[in-house]
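What follows is a short report on a single structure.
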Amino acid sequence: MTEGPLPPVLRRAKILERVSRDGGASLAELASEHAVSPVTVHRDLELLSGEGLIERVRGGARSVPETRPRQIETAWNARVREAGREKDAIALRARELVEDGSTIFVDASSTGLALAHVLELRPPTELTLVTNSPAIALGLTADSIHVIVPPGELNQHMRVLTGRWTVDFLEELNIAVAFISAAGVTLEHGLTTSRSALADTLNAAAAAAAKTVGLLDSSKFGRASLLSIRPATALDLLITDDGVDPITADEYRRAGVKLLIAERPALVEEL
C-alpha cells in the first residue's frame, strides 16, 4: 500500500503496471492499494481502457494482448481526462437528486459519466436511466439500474447518439430529472454547443423532464460556443465546482440562476 495518495498520472501508471504484471486486478484491490475511493479507480480504469491499455471487466480490469492495437484518441477520451476531481464533486451532489424508482436522463458528457460512476457505486433501489451515451450505458452493471439507449446516429469521435430518431424517442418519455452539460455557459448565450444535433437532443430531453439540472465544471463558465442550447435561467438547478470565481457566481445568482457549488474536500478521492 502506498504511503499516501499519488498524483493521478502516477497513480494510473502504477495501476497499469499492476494490471499488466498480474494479468488483472479488482477495483477493490486497486482502491485499497492506492488509498483512494472506488469512484477514483473506476475513472482511472475508464481512462486506461479508453486508450486501449487495459480491458475493463466487471469489478475491475485485465491486461490486453501486446498485439492489440491502441485505440485512436477521440474527443470523448480527451474530455474524460479533464477536471476529474471537479466532475467527481459535481457528480456526488447530483447523486443526491436521484430518487429511488425514478426515471432520469444522463447526457453523453464526461460529467454525466462521472454521475454514472457514482450511481454504479451507490445504486438506487430501482432506477430507469436513459442516456444517449454508449459508453455510459455499457459501463453500468448494477442490477437495480434499468438502462435505456435511444435510437440515433452514432458520432464515433464524440461517442454520442443524436439525430431525428433520438429526438423523437426522447419527446415521448416521462423523465423526472434530465442531467445535461454543454461546451460552455454564459449569461448572454446560456448553455452552448458547436453541434446542432446535440442541441436538439438535449432540448428534447429537457422538454420531457419535470426538472432539468445542468452539470458544468467551473472551466465552462465564460465560454460561448456556436449554438445556444437553452438559457441558464431555464435550468431548475446548475451544479458546478468550487473553482468558479465568486464574482461570477454572484452574477449568475443575481440574474436568477439557481447555482449550487459542489465544494471539493481536501481529497475527493477519499469520499
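This note's numbering numbers the first residue of the sequence shown as -9 and each following residue consecutively.
Cβ atoms here follow ideal geometry from the backbone N, Cα and C, with glycine treated the same way.
None of the values given here were measured: they were computed from a predicted structure.
Starting from residue i and walking both ways along the alpha helix (DSSP H), at which residues does that stretch end?
i: asparagine 193; result: 186 to 197
i: leucine 128; result: 124 to 129
i: valine 29; result: 28 to 40
i: aspartate 158; result: 154 to 161
i: serine 22; result: 17 to 24
If you drop the 5 nearest sequence neighbours on each side, which residues of the same chain put their C-beta closer than 6 Å to that of residue i?
i: threonine 93; result: Thr118, Ile165, Ala166
i: phenylalanine 95; result: Val120, Ile165, Ala168, Ala195
i: leucine 163; result: Ala198
i: valine 9; result: Ala15, Ile44, Ala51, Ser53
On the premise that residue j lies in contact with residue i, defined as a C-beta separation below 8 Å, what is that separation, rounded to the nearest angstrom?
i: leucine 217; j: serine 171; result: Their Cβ separation, rounded to whole angstroms, is 14 Å, which puts leucine 217 and serine 171 out of contact at 8 Å.
i: leucine 228; j: glycine 212; result: Leucine 228 to glycine 212, Cβ: 14 Å. No contact.
i: leucine 177; j: tyrosine 242; result: 7 Å
i: alanine 173; j: serine 215; result: 4 Å
i: leucine 144; j: valine 137; result: Going by Cβ atoms, the distance from leucine 144 to valine 137 rounds to 16 Å, so no, they are not a contact pair.
i: glycine 102; j: isoleucine 135; result: Not really, about 14 Å apart at Cβ, beyond 8 Å.
i: alanine 252; j: alanine 79; result: 4 Å
i: leucine 250; j: alanine 239; result: Actually they do not touch by this definition, with Cβ atoms about 10 Å apart.
i: histidine 32; j: leucine -4; result: Not quite, the Cβ-Cβ distance comes to about 17 Å (not below 8 Å), so this is no contact.
How would you write the range of the beta strand (DSSP E) that residue i sits in, first residue to last?
i: threonine 238; result: No beta strand (DSSP E) holds threonine 238; the alpha helix (DSSP H) holding it covers 236 to 244.
i: histidine 136; result: 135 to 138
i: phenylalanine 169; result: 165 to 170
i: valine 47; result: 44 to 47
i: serine 218; result: 217 to 220
i: valine 175; result: 174 to 176
i: glycine 180; result: 180 to 183
For a test of the three-state rule: what should DSSP assign to residue i, helix, strand or coil?
i: threonine 115; result: coil
i: arginine 149; result: coil
i: aspartate 12; result: helix
i: aspartate 207; result: coil
i: aspartate 232; result: coil
i: serine 100; result: helix
i: alanine 51; result: strand
i: leucine 225; result: coil
i: alanine 200; result: strand
i: leucine 109; result: helix
i: glutamate 253; result: coil
i: leucine 82; result: helix
i: leucine 144; result: strand
i: glutamate 63; result: Confidence in glutamate 63 is poor, its pLDDT being 39 and thus under 50, which makes the residue's placement unreliable; the coordinate value appears in the next sentence. Glutamate 63 falls in the coil class under three-state DSSP.
Considering only C-alpha positions, which residue in the set the options is nearest to residue i?
i: alanine 245; options: Ala189, His179, Ala200, Ala199; result: His179
i: proline 114; options: Leu20, Ser53, Gly102, Glu86; result: Glu86
i: glycine 40; options: Ala194, Lys4, Ala195, Leu128; result: Leu128
i: asparagine 193; options: Ser208, Asn122, Leu111, Asp12; result: Asn122
i: threonine 202; options: Asp190, Ala222, Lys210, Ser209; result: Ala222
i: leucine 43; options: Ala18, Gly13, Pro(-2), Leu111; result: Gly13
i: aspartate 133; options: Lys4, Gln146, Glu116, Ala98; result: Glu116
i: arginine 149; options: Val31, Ser99, Ser209; result: Ser99
i: aspartate 226; options: Pro236, Val247, Lys210; result: Val247
i: aspartate 207; options: His24, Ala104, Gly49; result: Ala104
i: alanine 200; options: Pro236, Lys210, Ala224; result: Ala224
i: alanine 18; options: Gly233, Gly49, Asp190; result: Gly49
Under 7 Å Cβ to Cβ from residue i, same chain only, skipping five residues before and after it: list those, please.
i: valine 108; result: Val29, Ala81, Leu82, Arg85
i: arginine 220; result: Gly180, Leu181, Asn193, Ala196
i: arginine 112; result: Arg85
i: glycine 153; result: Gly142, Glu143, Ala187
i: leucine 0; result: none
i: valine 157; result: Asp190, Thr191, Ala194
Quick one: residues in its chain with C-beta nearer than 8 Å to the C-beta of residue i, no 5 flanking neighbours on either side, listed in chain order?
i: arginine 2; result: Asp34, Leu37, Leu38
i: glutamate 89; result: Pro114, Ala166
i: leucine 6; result: Leu38, Leu43, Ile44
i: aspartate 232; result: Ala79, Ser208, Ile251, Ala252, Glu253, Arg254
i: glutamate 161; result: Ala194, Ala197, Ala198
i: glutamate 110; result: His32, Gly129, Leu130, Thr131, Ala132, Ile135
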